[in-house]
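> Once you know that position 128 of the sequence shown is 131 in the working numbering, the rest is easy, because the numbers rise by one and skip nothing. Where a beta carbon is used, it is the ideal one built from N, C-alpha and C, also for glycine. I'd like to ask you about the structure that follows.
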Amino acid sequence: MASVKENLEKVRERLARAARRAGRSPEDVLLVAVSKTVPVERIREGVAAGLTVLGENRVQEAKEKIQALGRVAVSWHLVGHLQTNKVKDALALFDLIHSLDRLSLAEELDRRAQAARGRADVLVQVNVAEEASKGGFSPEELRPALETLSRLSGLRVRGLMAIPPEPQELEDSRPHFKTMRTLFESARAWRLPGLELEALSMGMSADFEVAIEEGATIVRVGTAIFGPRPA
Ligand SMILES: *Cc1c(COP(=O)(O)O)cnc(C)c1O
Numbered sequence: 004m005a006s007v008k009e010n011l012e013k014v015r016e017r018l019a020r021a022a023r024r025a026g027r028s029p030e031d032v033l034l035v036a037v038s039k040t041v042p043v044e045r046i047r048e049g050v051a052a053g054l055t056v057l058g059e060n061r062v063q064e065a066k067e068k069i070q071a072l073g074r075v076a077v078s079w080h081l082v083g084h085l086q087t088n089k090v091k092d093a094l095a096l097f098d099l100i101h102s103l104d105r106l107s108l109a110e111e112l113d114r115r116a117q118a119a120r121g122r123a124d125v126l127v128q129v130n131v132a133e134e135a136s137k138g139g140f141s142p143e144e145l146r147p148a149l150e151t152l153s154r155l156s157g158l159r160v161r162g163l164m165a166i167p168p169e170p171q172e173l174e175d176s177r178p179h180f181k182t183m184r185t186l187f188e189s190a191r192a193w194r195l196p197g198l199e200l201e202a203l204s205m206g207m208s209a210d211f212e213v214a215i216e217e218g219a220t221i222v223r224v225g226t227a228i229f230g231p232r233p234a
């Protein structure tokens, strides 16, 4: 298996080239290294190679890894579905929750964050292709959802996130990313009070370059950095 360092160098080069193709600066795209199922030793290699943001999709797994690794110069993002009964732990562990996918979760995050006299930084997940198997707000639900979220003072809504259908070919994701970009720009133009919409989280190992060309400000890359996950 290639070293994390070598993989990371390649991913950074690809990220930079995609940004430049789109007339953007590579520094404007945040690379979240998705380390779910990756052993702590290999994550440590990644941190030594310069990773600064790690993404996990399970609260319990993240908790164990954070305990094992310490908080050394790394911030942690939650990219997977969050159960309401794990909200308290999630707030203690993660700097950004990408997967705000329902109003009941928003209410619990708001309640817990206010109780701790803080604010929860979240991205609103959009079910861009309206897949039955995926959570998130449909494009039509987005505006009423954001209006509701803008009234929850324990939340700081930082942007939108999407997980389009797994692409069969490289270009398959592009129309979904374009839809997200349009939604993101519309949402910013609504100027709802209390929202700080600046991040668009989209693109994974198979399609992060396309996502950057279409305006992603955060890409979530696992396999291309850490290698294939166990099936
Ligand atoms: C696993 C995962 C990723 C990373 O997927 P790769 O294909 O390994 O890059 C990104 N986002 C979410 C939400 C994930 O669950």
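I need the straight-line Cα distance from LYS39 to SER136, nearest angstrom please.
20 Å
> Just tell me which of PRO178, ARG15 and GLY230 has its CA closest to the CA of ILE166.
PRO178
> Rounding to the nearest angstrom, what Cα-Cα distance links GLU134 and ALA51 in this structure?
38 Å
> What did DSSP end up calling SER204 once you bin it into helix, strand or coil?
It is a strand residue.
> Relative to ligand 1, is the shortest distance from any of its heavy atoms to the C-beta of LYS89 smaller than 8 Å?
Answer for LYS89: no, Cβ out of range of ligand 1.
> Would you report the Cα separation of GLU59 and GLY162, rounded to the nearest angstrom?
18 Å
> Within 10 angstroms of its Cβ, does ASN88 collect 16 or more other Cβ (buried), or is it exposed?
Its Cβ having fewer than 16 others within 10 Å, ASN88 is exposed.
> Given this structure, state the Cα-to-Cα distance separating ASN10 from PRO231, to the nearest angstrom.
12 Å
> Indicate whether at least one CB of chain D lies closer than 9 Å to the CB of LYS66.
The chain labelled as chain D is not found in the depicted structure, where only one protein chain is given.
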